[in-house]
Structure formats: C-alpha cells, structure tokens
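Down below is the structure, laid out as structure tokens.
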Amino acid sequence: MIVSWNWLKEYVALPMTVEQLTDRLTLSGLNLEGFLPVGDDVAIDVEVTSNRPDCLGHLGIAREVSVLWERALKIPAAKPQAMGSEVSQITSVTVECPDLCPRYTARVIRGVKIGPSPKWLADRLRTLGIGVINNVVDISNYVMLECGQPLHTFDFAKLAGKKIIVRRARAGEKFEAINHQVYELAADTCVIADAERAVALAGVMGGADTEVSETTTDLLIEAAAFAQLSVRNTTRHFNLHSPSSYRFERVLDPEGVDWASRRCAELILELAGGQLAAGVIDVGQALPPRNQVKLRFKQIERILGIRIVDERVRNILTALGCEETHACGECVKVVPPSWRADLSREIDLVEEVARIHGYDEIPEDAGVKMVASTRTAEDRVLDQVRDSMVAQGFDEAMTLSAVDKEWVATFQPWSSAEPLTTGTPVLRRANSLRQSLLPSLLAARRTNETLSNSDIELFEIANVYLPTTAGLPDQRRMLGITSGHSFLELKGVIEVLAATVAPGTELSARADDAPFFESGQGAELKLGGKLLGYLGVVSQAAREQFELRSDTIVAEIDLGLLVSAAVLVRRAKELSPYPPVARDLNLVVDEKVRWADVEHIVRWGCGELLERLTFQEEYRSTEKLGPGKKSMLFSIQLRSKTGTLTNEEADKIRETVVKSLGIELGGQLRA
Amino acid sequence: MALADFLATLDSLAQEAETAFLAVGDVVALENARVDFLGAKAGKLRQVQKGLGSVTPAEKPAAGMRFNEVKNLVESAFATAQARLSSATPESRESVDVTLPGKPRRVGHLHPITQTIRSMKEIMGRLGFTAVEGPEIEDEWHNFEALNIPLVHPARDPLENFYLGVAKDPPAEAGSPGPFLLRSQTSTVQIRVMESTLPPVRIISLGRVYRPDTADATHYPMFHQIEGLLVDRGVTMADLKSVLRMFCQSYFGGEDEVHIRFRPSFFPFTEPSVEVDMNWRDAQGNAGWMEMGGAGMVDPNVLRAVGYDPEEVTGFAFGLGVERVCMRQHGITDIRALYQNDVRFLEQF
Chain A
1 MIVSWNWLKE
11 YVALPMTVEQ
21 LTDRLTLSGL
31 NLEGFLPVGD
41 DVAIDVEVTS
51 NRPDCLGHLG
61 IAREVSVLWE
71 RALKIPAAKP
81 QAMGSEVSQI
91 TSVTVECPDL
101 CPRYTARVIR
111 GVKIGPSPKW
121 LADRLRTLGI
131 GVINNVVDIS
141 NYVMLECGQP
151 LHTFDFAKLA
161 GKKIIVRRAR
171 AGEKFEAINH
181 QVYELAADTC
191 VIADAERAVA
201 LAGVMGGADT
211 EVSETTTDLL
221 IEAAAFAQLS
231 VRNTTRHFNL
241 HSPSSYRFER
251 VLDPEGVDWA
261 SRRCAELILE
271 LAGGQLAAGV
281 IDVGQALPPR
291 NQVKLRFKQI
301 ERILGIRIVD
311 ERVRNILTAL
321 GCEETHACGE
331 CVKVVPPSWR
341 ADLSREIDLV
351 EEVARIHGYD
361 EIPEDAGVKM
371 VASTRTAEDR
381 VLDQVRDSMV
391 AQGFDEAMTL
401 SAVDKEWVAT
411 FQPWSSAEPL
421 TTGTPVLRRA
431 NSLRQSLLPS
441 LLAARRTNET
451 LSNSDIELFE
461 IANVYLPTTA
471 GLPDQRRMLG
481 ITSGHSFLEL
491 KGVIEVLAAT
501 VAPGTELSAR
511 ADDAPFFESG
521 QGAELKLGGK
531 LLGYLGVVSQ
541 AAREQFELRS
551 DTIVAEIDLG
561 LLVSAAVLVR
571 RAKELSPYPP
581 VARDLNLVVD
591 EKVRWADVEH
601 IVRWGCGELL
611 ERLTFQEEYR
621 STEKLGPGKK
631 SMLFSIQLRS
641 KTGTLTNEEA
651 DKIRETVVKS
661 LGIELGGQLR
671 A
Chain B
672 MALADFLATL
682 DSLAQEAETA
692 FLAVGDVVAL
702 ENARVDFLGA
712 KAGKLRQVQK
722 GLGSVTPAEK
732 PAAGMRFNEV
742 KNLVESAFAT
752 AQARLSSATP
762 ESRESVDVTL
772 PGKPRRVGHL
782 HPITQTIRSM
792 KEIMGRLGFT
802 AVEGPEIEDE
812 WHNFEALNIP
822 LVHPARDPLE
832 NFYLGVAKDP
842 PAEAGSPGPF
852 LLRSQTSTVQ
862 IRVMESTLPP
872 VRIISLGRVY
882 RPDTADATHY
892 PMFHQIEGLL
902 VDRGVTMADL
912 KSVLRMFCQS
922 YFGGEDEVHI
932 RFRPSFFPFT
942 EPSVEVDMNW
952 RDAQGNAGWM
962 EMGGAGMVDP
972 NVLRAVGYDP
982 EEVTGFAFGL
992 GVERVCMRQH
1002 GITDIRALYQ
1012 NDVRFLEQF
C-alpha cells in the first residue's frame, strides 16, 4: 500500500519526520518497504499483512498514526446533498446470488460534467502511481484509496433496462472488460449485469460498454460486498489482478460500504456537478450486531511476560476504535470496530495491546528454564554416515525431491508402483516424487562432466517416496552415492560405512541383474541378512540416458536399516597380549568359485583364532594355472587369547584350512 | 659378590658405554661399540649379567631392577648414536625437496546447508530443544487445518501448493484422508508431535519444504526450514525473545552483543505474531537489522486442535529459513547454486 504524506495529513497531524513515522509504523505492524519524494509529496510504501485490510486506505493508516502519537483523527462526514427524486424510482437492483454478493448498494447522479480532476486530486493519485483518467473515475479510485472500499461507476444511460442484476454468469457468456479483452466466463463467476448482459466482473473489473466516458452524464455508483473466494477465483482464473480485487480478497468493513458510496457521491457533486437522487438502494441482510470480546488483564502478563497497567490497556483498545462495554479490576469487555474483523478473541486484543504498547518493552533476558535435550538414534547415525562419507572423500550433494517421470523407471528397486506426482511440476518437467536418489545424482554427475570437473564423488542423504494403498506414502531415507572409481572401491566405502555404524553385523553381497547395472556388475547388499541396498556399475543405456561420458559406479543404501543396526555405544573387548602369526595362502580354484565360499571355509577352519583375513589379489593365466582356473592370494592372521601360538600350531591350522578348501571347493595351493 | 660391588660395576659400565657411543664417528665404530657392549655372547653387558647369579637371593630383585635400567640406558645410547649417524650421513638417503607439493588424501565436504542445519541444531540442543523430523508429504489437516489456516486463507490456494495426484488415476480409496500435498512448512511436524505428546514440548522441527516459486537467484521451489516450539505452563513472549537472542548470540554473535527486535506480523498459527530481526554488523562495520524469520505465541486454536488446553499451557514457535542464513553467512548470492551440485562450489565449504 502506497501512502501519500500530503494526503495522510488530511486526517491526522504529522508532527514527525518521514523517518520517524515509518520507523514507528514498522514496529507496530506496517512494515516499511521504502519511500521516495514525488514533487512536493512523499510516497511511502508500507506492507499491509492480510489480516489488516483496514490499512488498505489512507484513513486506516491515519488511524494507526493517531493511536501511536495520540492525535485526533478527522474523518470526513460524507454527507452528500440529494436533490432529485428517489433512487428507487430510477433504477433497481436484484441480487440473485447473495452467497457471492451479500450486499449491493447503488446511488444515481444525473447531469455530471466529465472533465479533468483538480490538481490536488490528480497529484495525490500520481504520488501513488495511479493513472489519472477523468474526474469521476479518479474519484472512485480516490475513495477506494481513502477508505479501502472499492467502488465502481457505471454510465447509467448505457445500462440496458436501467437496472442492475447481480448473478452467476451463464456458461459461455462473453464479457468485454475495460481493457478491451473479451473473456469467456465460467458458470460460477459472479457478474454485475443489466437487463441484457454482464457489465462487470464483480469486484474485479468493469465492462467496456458501460464505462464512464467523455459523453457520460448520468452515473450509477456501485458500492458492494463480494465473497472473498469468488473474487479470488475470478482474479486467478483470468489473471486479472486489480487494486479492487486485492481488497475484495480480504475481509472488508461491512459497515463501510455506505460511507464509501456517500463519500464518492459527495466528491462527484463537488467536482463534477450533477444531481444526486435521494436515498440509496441497499440490497442485503441487516448486519448482525458485533460480538463483545473480553480481555482478562492477567492474560497480558501470561502471554507477553510483561505487565501493562490496566488503564493503558483500556486506552489502547478505545483509541483503536473498540467500544468499551465493561471494565473492572479483572477484565475489560469491548466491541471491536466494524473494520477490524480480525479482532474476535481475547488473544487478538492481547496482540493489539502488545503492538501498540511496543514489543521493545518485552525483555530479552528472561530466565528460561533449563532442560536436557536428547538426540535421536537416527540423528546420531546420520551424522556418523555423513562424517564417514566425507572422510572417505565424497562431497555432499542436494538434489530436488521431484524428478522427470522418465527417471523413475530408470532405477526403481524399492517399489513397482507408479510414482506420486504433483499437479504442477516442482521445477520444469520434475513432477514425479522420486523413488531413488540415483537418477538425480547421475544428473548432478552430468552437470559436473559438462563443467569439466574431475573427481566427481558425490553422496546425498534424502527421502524417497513410495506409494501406498492407504494413508501417507512410505517415506524412506536413503543414502545415494555416485563415484568414478571402481566397483570394489565403492564396495569398500560401504564396508567401511557399515563397520563404522554397525560393527559386527555381517555385510553380504550377491549378484543382481537390474538393467540399470552393466551385466554382471551389479549387486544386492544385505546387512545382517536384511536388504540394505544396491551397488553396481551403471549400464551403457542408463549412461546414455543421462549423457554421461565416463564410467559411473553407484550405490543406494536404505538408511532405516542402518539406523536400526547401529551400535551407538561401543563395548571394549579384552585385547590379547600374545603375538600374532601370519600365513599367506595362494589358492588355485575353478573360475566359478567365489570369494565368499573361500572366506566361509577359512573362517570356519580357523575358528576364533582368526584375527584377520585379508584378500590380496586374483590372478588368471591359462598358461600357468590352466584353463578355467584362477588363483586367489590371501593371508590369515592368527592370534590366541591364552598363549603364544607356535609356528607348528599355525601350520597345522593352515593345513586344516587347505584340506577343507580342497574337499569343499576343489582348491589347491599353487605350486 | 656383594650387592654394592655389583651395582658399582653396573654404574661404571653405564658411564663407559655412554662415553663410547657418544664418541663413535662412523658406522664401523658404531658396530664395534655395539659388539663391545651389547654383543649377545661376549658383550660387556652380558658379562655383567653373569654376576647376577652370585648376588644373594634377597638382594636379587634390587640387582635385577638396576640391571634392567642400565641395559635400557645402554640400548638407548646405541639408538641415539645410530640415529645421529644415519641422519648425518648425506649419501645414506636422498634429500627431499621440501617445497614439493604434498600428496593429499581426498576429503569430501558437507553441503553448506547441512553445515548450517548442524550448527543450528547443535545450538538449539544446548538450549534444550530436541530435533524431530516428519513426513514431507502431508495431509491438509496437518499442513493447514490444525495450523489454523482455514479454507478461505490464500495459503490454501491450489496454485500456492504442490498437491499430489497419481500418474495413472487409481480407483479412489474409500475413506482416504487425501488430498495430500508436499508440506509447505515444517510446522506440520510440530502438530504431529503435539498430537502424540503431552506438554511440555520443546522441539525443533526441520527439513525440506516446498512452495511453487519460480526459481531465481533468491527463490527455489524447495528449501529448508527450522522451526522451534516450546509449550509448557507459563511460557511467555519474553521467553521467546530470550531464546532467540541466545540462539543468535551463539550462532552469529562472536564478540558483538546480539539484540533481538520484534516487528508485528501475521501468521495463522501464532498470535501475537512477529517478524524477528537481529542487529547485524557487516565486514565494513555497517550496522543494521537482519531479518531472521517469523515467530509468535502458539495460537489458542492450534493448542486446542492438538488437544491442549490454552488456559493451562502457553507456547511459542519460531521459524527460520535455513537457506537465507546459510547464504548470508557464506556469501552465496544465488540460491540455485545450492542445488546445482557443482563440485567446485561444494568444495569451498
């Protein structure tokens, strides 16, 4: 809302500087957006929150100033002199949709002379950046900006049948607005019509046909109340935002309608001449009496933490326009003014008192009670995961929760359901809630490849959203990783992570043939026998989909499982004081034998003496090992808790293991 | 042999060895000295050790202890001499060009938003607030109704929210509470906590929220919020101001004294509602007020919606935009950089 300094002065004395005024207004609810001089005036832009439509006019702002500086407020009486016959003999108003238009008033002035506005009026509108058109149109804008109630003036001669009908539009009905655009109306649009056609979109915009022009002599002044939602829907539907619709989307003063109509008539008579028909056509239910609100003085301290003397509380409320109906040592009862629909409860009055009294009176050094806070297991594990990933050389990425629908099917291991989608895309084509973080990370990888960045090692911790048949979707937190190194290196990263968070729980892998992975280079991971996630080399096809040039290894881990397997408090184990003995084994086996089989036998054979089993390398050579064979080089480190292991004992264990490997897997030590 | 004699022999051996090892000038001399004193068969130490046998059993522990001390002394004299010679010998190792670059191990970087959230959580934790999270896809009850946002409120406009549908319309589930939407604020979590917990409640809720803003330098349709909530008997706005001051002092304060300013505002779920500013001094020493976020006393309607009695308890709530604080602190000028994931950007933090 832009305010003119000169205009404001009309209603309240301004014994302060612009800075003093705007500082004080900012701290009492009208936040300063900025001000600048316009001619000999100053345009002050203040932000009006949606609960304060009373401040969408100069009078409302003047009232705030009068309360804050304790100055008198001068409100124009708005008493136009009627001369002609009764307005009800000249025109009629029928409201067919009182749900959309609870009140409609009309006044008629005949014999006006359209011309330019006087300088003072034109200047004030210009300060506000409002276009100056002619005296009548300018006056209706002026009154709206004075009191906040929008008005419309029709060229009365052009109203077919000389009547107003407020109704819902007929499906497909056409309407030409004053901007000369023709709109096809939806059936629920509230329109102002004459005997034949729609002449205005209620509360939003007038029509071209009945617009006030140079030749207009007779006017019908509309001042009405329209349903907020109806105005908002019309505005949105046609993208027609106007100062009028902006106000009607809020709760305006129901008792201000007639004042605005009278004030408009008064100014037109003064500035454009003419004769005002007697009386007013006022269609609408009588307004219900406003409710009284009780404020217990104790509540002030209970909510604000400061005491404000009762007298001050009562004065603030009265100054704001509340009518005091009761006051005692305990409480005050008031009827809030009609323009303050936001004041209906005790807490509303507490806020009024607080903002006028000043929030700077509230101390910032209260003795707030001390309590212990706790960190959830999940919170602690997530920190461990992040720290581990960072320590292992990965940068943390953050990507959008919604993705292009095609990306969902690219990798969809956690659900087979169609993705949840948003009505409007969250960003560009991203309207599907993701079921895996990996497509987003591949896109981030491509961004970096495009920028010629090397070392694109990324991880992200975020949710995926799996549809369910009832209730909220299944939201699961995942760790997604993308790397440019090798399958085994990324597997090592996950092993370190699992050992960091959930030591002692077995991590196992088995081949997985998801088409997202290169054939034979994908794996399903389990932790303690439960599905932990997936790991693999991204297939050529998927790389092409994301336009990735270089080899990409990815993994996705279900952090819910990791959290439940986490060991948050570690227990110390007794360490053996005796020296370890190490033995290397170079085992030749058939190609089909997997390390997991070898490992299983070695662990079983060594029993609890095995301190460490280290795989070193695989080797293949048809020449040296024979066709279909490979060798696995690994070492075992043995240590006893009860005494020094002798070489003989170590050799014996080694022999047992070798024998078992021979029997179970056909493995032989390499000669 | 008497104990005294044995000890005297040991002492003179120690002194002799120390002098000898100090005197050696090359590896040959060092090896000779080693054999002389520490030789396994005929070294002087070995010789003296034999004397241990002739000490009386009662005196043996004392003699043994001293022997071990001297042995350690001689060995360390040898080690010192060895170290001295190896470092003094120029041809024994190539010298390093110490100005060559080191070989760093790759370390990763936490996203700046994570770092901001971490320190906010950590400070609020010290102030007694427990961090909670909740669903990002919400129903209208938690996102609006319970938060005192009625159907007519502009925030309910479908164009102001990301409502969900499904790609292929499944048959509508009977009794499904939908429609669902991406939450537009983390206050939803506060409602969920209050619905399932009796007061006192002292939490911060945080996470991703979504609003249909066109992406530009200062807007992104997804961002992070952190919201605090304290509901108990006797909670006042002075408590709110004090907690915010302590938070800001911890987060930004440094040596400057931080003050908090409230400006009236309007939010459906709090009343009174305020915008929170803290005093701020930039690198050039310009002082001013920095907008931190919104706050207020929990609206009685919200307390009632979760089954609390507003006559029994009061509460305050506040919300901060994580991106805004993060960007200001790190000098990030375009919010989109936070979600582009350019590793050159990420590696700065």
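Line by line, the protein sequences are chains A and B.
According to the working numbering, the stretch in the first sequence is residues 1 to 671, in order.
According to the working numbering, the stretch in the second sequence is residues 672 to 1020, in order.
Just so you know, even glycine gets a beta-carbon here, dropped at the ideal spot from N, CA and C.
Asked: Close-in-space but distant-in-sequence residues of the same chain around A/D673 (CB under 7 Å, 5 per side omitted); Found: Residue 673 of chain A is absent from the structure shown; chain A starts at 1 and stops at 671.
Asked: Per-residue contacts from B/Y1010 into chain A (C-beta, under 7 Å); Found: M398, T399, L400
Asked: Length-filtered (4 minimum) alpha helix (DSSP H) runs lying within the stretch 396-431 of chain A; Found: 405-410
Asked: Helix, strand or coil at A/L525 [DSSP, three-state]; Found: strand
Asked: Against chain B: residues of the stretch 295-312 of chain A by CB proximity under 9 Å; Found: E301, R302, I303, L304, G305, I306
Asked: Selection of the stretch 556-584 of chain A by Cβ proximity to chain B, strictly under 7 Å; Found: none
Asked: Which residues DSSP lists as bridging A/I164, in chain order; Found: A/V93
Asked: Interface flag, A/V403 vs chain B, CB-CB below 8 Å; Found: no
Asked: Alpha helix (DSSP H) segments (min. 4 residues) lying fully within the stretch 461-515 of chain A; Found: 487-501
Asked: Burial state of B/D910, where buried means 16 or more other Cβ atoms lie within 10 Å; Found: buried
Asked: A/L661 versus A/E608 - alpha carbon distance; Found: 18 Å
Asked: Boundaries of the beta strand (DSSP E) in which B/V767 is found, first to last residue; Found: Neither: B/V767 is in no beta strand (DSSP E) and is coded neither H nor E.
Asked: Beta bridge counterpart(s) of A/C190 as assigned by DSSP; Found: A/R168
Asked: A/Y246: first and last residue of the uninterrupted alpha helix (DSSP H) it sits in; Found: 243-248
Asked: Min CB distance B/I820 to chain A below 8 Å; Found: no
Asked: Between the CA atoms of A/Q285 and A/L185 - distance to the nearest angstrom; Found: 28 Å
Asked: 8 Å Cβ cutoff met for B/V823 and A/L229; Found: yes
Asked: B/G986 beta carbon less than 8 Å from that of B/I852; Found: According to the sequence shown, residue 852 of chain B is Leu rather than Ile. No, they are not a contact pair.
Asked: Rounded separation between B/V929 and B/M893 - CA only; Found: 30 Å
Asked: With 16 other Cβ atoms within 10 Å as the buried cut-off, status of A/K629; Found: buried
Asked: From B/L915, B/D927, B/G924, residue whose alpha carbon lies closest to that of B/D933; Found: This sequence places Phe at residue 933 of chain B; Asp is not what is there. Measuring from the Cα of B/F933, the nearest candidate turns out to be B/L915.
Asked: Same chain only: Cβ atoms within 6 Å of B/A988, ignoring 5 sequence neighbours per side; Found: L900, T941, V969
Asked: Simplified DSSP assignment, three categories, for B/S944; Found: strand
Asked: Below-8 Å beta-carbon distance, B/K912 vs any chain A residue; Found: yes
Asked: Check whether A/A208 and A/H180 have beta carbons under 8 Å apart; Found: yes
Asked: CB contact below 8 Å: A/M370 versus chain B; Found: yes
Asked: Neighbourhood of A/P579 by C-beta distance below 7 Å, restricted to the same chain and skipping five residues each side; Found: T644
Asked: Neighbour flag for B/L991 against chain A, beta carbons, 8 Å; Found: no
Asked: Buried versus exposed call for B/K792 [16 or more other C-beta atoms within 10 Å across all chains shown]; Found: buried
Asked: Short Cβ contact (8 Å threshold) for A/R386 with A/L568; Found: no
Asked: Chain A contacts from the stretch 932-961 of chain B (Cβ-Cβ distance under 8 Å); Found: R932, F933, R934, P935, S936, F937, E942, P943, S944, V945, E946
Asked: Within-8 Å CB hit, B/T907 to chain A; Found: yes
Asked: Test: B/G799 CB closer than 8 Å to a CB of chain A; Found: yes
Asked: A/E364: contacting residues in chain B (beta-carbon distance under 7 Å); Found: K912, S913, R916, H930, I931
Asked: Distance between beta carbons of A/I553 and A/I494, contact taken as under 8 Å; Found: Actually they do not touch by this definition, with Cβ atoms about 11 Å apart.
Asked: Same chain, Cβ closer than 8 Å to A/P503, neighbours up to 5 away in sequence not counted; Found: V567, R570
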